[in-house]
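S.K.:
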Ligand SMILES: Nc1ncnc2c1ncn2[C@@H]1O[C@H](COP(=O)(O)OP(=O)(O)OP(=O)(O)O)[C@@H](O)[C@H]1O
Ligand SMILES: [Mg+2]
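Residue numbers (the working numbering): 555 to 1034.
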């Protein structure tokens, strides 16, 4: 986490150093040439002033003239040299007259060469004799007239020591560096504050994510900004929301699964216990008692049959749920299917004195798409319930409703009905409204779960409407 801040700081500071250094270097190099240009122009002015006062000179002797030149040099802060057309130095403010003959010929000096050609010339050189940088400005004199000199000067040259200039530029440079350092300091302070501002929300996100990782799944991030950081926080929150939903769902599934397992074992044990009981009683001697032996054996058989149905249902459910049950969808006449199931269930209905009827013409003209065996199983389950949870003398009616792309099949009974609070749950595995009645009727509560699975596998739905004491209508849809 500290890393990010350090990186940001480094970027800010190095950028600032870069910009300041570039600006400083540019400024100080420009500074130098600016000063040199400015001084050269200034030297021109000084030279013209010196020239003007030399033109009106009234010295009688060379010594007087030398003194005058020397005074002018002092006044203008320069060294003044007068050079003849052939390069001979005829006067110099710094050189005593006696030493003049020994002075080197100045014709080849660059500023003199330029002055000869263009009337004016400048040059900056390092004087080895004095060990300093000098700026030279030479002017060609067009009307040389200095009476005291035998040889007339053709050039006036002014020299200026540049160490003054160097002093000024280094002072300015120092100021630039100082300002830069102050700027750098300010930027550093600002960067520390700024990077803290930028990094803090990220650090907070990282901390929150760490608490999430530790298992605190209800942690939510503060969304304070609408920038990318805010987006990340929102995204993390949404992710957590979805993860929590997912976990809740998983927990529920897990709960359903373990409940299912408990139910299965319970349902298996009931008939097994009964079987065991009858067999033990028979073995203990009842087998020789003609009054009960047959009855016990028949009861044992009934429980075996119940165990068998239960296992078949369980296998069906698990095959449908795992997708293992292959369905073969075909078009077939719905009316034929309804008729065959009603015929098959007739005897059961009759034994309970319940009239089972198919509405006239029901499904006669409907070709539907589905797995005939599974739809038969579904309808059988619904009719079985309608008969089982009915009252003697009641009725069960099968009807068909056309709904455009699909057909609804209704199984309506005049039975006990289902109280409203149970309706949302009756399609759950093992759910029974009245456990005793259902068990007596031989039910385990898997029938409707199978019905729902089959309907959904057909892309259809199952619905139920019921009024306690009056009856129920179960409907399922199937595609045309
Ligand atoms: N037509 C109906 N009238 C009243 N109650 C019904 C009707 N159909 C279902 N039920 C109620 O819904 C419960 C669940 O039905 P479901 O068919 O799943 O189980 P079951 O009939 O008890 O057992 P199974 O069908 O596995 O033999 C039943 O126990 C019963 O209480
Ligand atoms: Mg049933």
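Where is the CB? At the ideal position from N, CA and C, for every residue including glycine.
1. Less than 8 Å between the C-beta atoms of residue 595 and residue 703, yes or no?
2. Given a cut-off of 8 Å, decide if residue 892 and residue 916 are closer than it, judged by their beta-carbon atoms.
3. What residues does ligand 2 have around it, judged by CB closer than 6 Å to any heavy atom, in chain order?
4. Roughly how many whole angstroms lie between the Cα atoms of residue 945 and residue 979?
5. Output needed for residue 575: all residues of its chain with C-beta closer than 6 Å, excluding positions within five of it in sequence on either side, in chain order.
6. In the structure shown, what three-state DSSP assignment does residue 913 receive?
7. Taking 8 Å as the threshold, find out whether the region 846-861 comes into contact with the region 876-890 through three or more Cβ pairs.
8. Are the region 637-645 and the region 701-719 touching by the rule of at least three beta carbon pairs closer than 8 Å?
9. If distances are taken between C-alpha atoms only, which option among 1016, 968, 942, 765 comes closest to residue 998?
10. Take the Cβ of residue 986 as the centre, count every other Cβ of all protein chains shown within 10 Å, and call the residue buried at 16 or more, exposed below.
11. Go ahead and pull the three-state DSSP assignment for residue 566.
12. Indicate the three-state DSSP secondary structure (helix, strand or coil) for residue 694 in the structure shown.
13. Enumerate in chain order the residues of its own chain whose CB-to-CB distance from residue 870 is below 6 Å, with the five nearest sequence positions on each side excluded.
14. For the pair the region 957-970 and the region 1018-1031, tell me if three or more CB-CB distances fall below 8 Å.
15. Since residue 926 and residue 1034 are thought to touch, with beta carbons under 8 Å apart, how far apart are those beta carbons, to the nearest angstrom?
16. By alpha-carbon positions, which one of 1016, 675, 842, 765 ends up nearest to residue 982?
17. Could you tell me if the beta carbon of residue 942 falls within a distance shorter than 7 Å of some heavy atom in ligand 1?
18. Look at the alpha carbon of residue 956 and the alpha carbon of residue 962, and state the distance between them as a whole number of angstroms.
19. Compute every distance between the C-beta of residue 1008 and the non-hydrogen atoms of ligand 1, then say whether any falls below 7 Å.
20. Assuming contact is defined by CB atoms lying nearer than 8 Å, are residue 690 and residue 679 in contact in what I supplied?
21. With a threshold of 16 other CB atoms inside 10 Å of the CB of residue 797, please say whether the residue is buried or exposed.
22. Starting from the C-beta of residue 669, find all residues in its chain whose C-beta is less than 7 Å away, skip the five residues before and the five after it, and write them out in chain order.
23. Whose CA, out of 745, 681, 814, lies closest to the CA of residue 567?
24. Comparing the CB of residue 1023 with every heavy atom of ligand 1, is any distance shorter than 7 Å?
25. Among 996, 589, 931, 1001, whose alpha-carbon lies nearest the alpha-carbon of residue 723?
26. State yes or no: is the C-beta of residue 871 nearer than 7 Å to some heavy atom of ligand 1?
27. Count the CB pairs spanning the region 727-734 and the region 744-759 that are closer than 8 Å, and state whether there are at least three.
28. Alpha carbon to alpha carbon, how far is residue 587 from residue 631?
29. For the putative contact between residue 817 and residue 984, defined by C-beta atoms under 8 Å, what is the C-beta separation to the nearest angstrom?
M.R.: Walking through what the data contain:
1. Within the chain shown, residue 595 is the residue found at index 41, counting from 1. Within the chain shown, residue 703 is the residue found at index 149, counting from 1. It is not a contact, given that the beta carbons lie outside the stated cut-off.
2. Along the chain shown, one-based indexing puts residue 916 at 362. Along the chain shown, one-based indexing puts residue 892 at 338. Contact flag set, yes.
3. 935, 938, 939, 997, 1001
4. What you label residue 945 is simply residue 391 of the chain shown in a count that begins at 1. What you label residue 979 is simply residue 425 of the chain shown in a count that begins at 1. Going from the Cα of residue 945 to the Cα of residue 979 covers about 23 Å.
5. Taking the chain shown and counting its residues from 1, the one referred to as residue 575 is at position 21. If we look at residue 575 and ignore the five residues flanking it on each side, it has no Cβ neighbours.
6. Within the chain shown, residue 913 is the residue found at index 359, counting from 1. Of the three classes helix, strand and coil, the one that applies to residue 913 here is coil, per DSSP.
7. no
8. yes
9. Counting from one through the chain shown, the residue named residue 998 turns up at place 444. Ranking the options by Cα distance to residue 998, first place goes to 942.
10. Position 432 of the chain shown, counted from the first residue, corresponds to residue 986. Per the 10 Å Cβ criterion, buried.
11. Here residue 566 refers to the residue found at position 12 of the chain shown. Reduced to three states, the DSSP call for residue 566 is helix.
12. Along the chain shown, read from residue 1 onward, the residue named residue 694 stands at position 140. The answer is strand: DSSP assigns residue 694 an E or B state.
13. The residue you call residue 870 lines up with position 316 of the chain shown. 1004, listed in sequence order.
14. yes
15. Within the chain shown, residue 926 is the residue found at index 372, counting from 1. Within the chain shown, residue 1034 is the residue found at index 480, counting from 1. Contact doesn't hold; Cβ gap of about 15 Å is too wide.
16. Taking the first residue of the chain shown as position 1, residue 982 is located at position 428. Selected option, being the one with the closest Cα: 1016.
17. On the chain shown, residue 942 is found 388 positions in, with the first residue counted as 1. Yes, ligand 1 has a heavy atom inside 7 Å of this Cβ.
18. Here the question's residue 956 lines up with position 402 in the chain shown. Here the question's residue 962 lines up with position 408 in the chain shown. The straight-line gap from Cα to Cα measures roughly 6 Å.
19. For the purposes of this step, residue 1008 is taken as residue 454 along the chain shown, with counting starting at 1. No.
20. Numbered from 1 along the chain shown, position 136 holds the residue referred to as residue 690. Numbered from 1 along the chain shown, position 125 holds the residue referred to as residue 679. Their beta carbons are under 8 Å apart, which means residue 690 touches residue 679 by this criterion.
21. As a first step, residue 797 must be located in the chain shown, where it is residue number 243. Residue 797 comes out exposed.
22. Counting from 1 along the chain shown, the entry for residue 669 is found at position 115. 675, 692, 693, 694, 709, listed in sequence order.
23. Numbered from its first residue, the chain shown carries residue 567 at position 13. If we check each option's Cα against that of residue 567, 745 comes out closest.
24. Here residue 1023 refers to the residue found at position 469 when the chain shown is read from its first residue. Answer for residue 1023: no, Cβ out of range of ligand 1.
25. The residue labelled residue 723 in the question sits at position 169 within the chain shown. The shortest C-alpha separation from residue 723 is found at 589.
26. Residue numbering aside, residue 871 sits at position 317 when the chain shown is read from its first letter. No, Cβ of residue 871 sits at least 7 Å from all heavy atoms of ligand 1.
27. no
28. Position 33 of the chain shown holds residue 587. Position 77 of the chain shown holds residue 631. Approximately 21 Å between the Cα atoms of the pair.
29. As a position in the chain shown, residue 817 is number 263, starting the count at 1. As a position in the chain shown, residue 984 is number 430, starting the count at 1. Right, their Cβ atoms sit about 4 Å apart.
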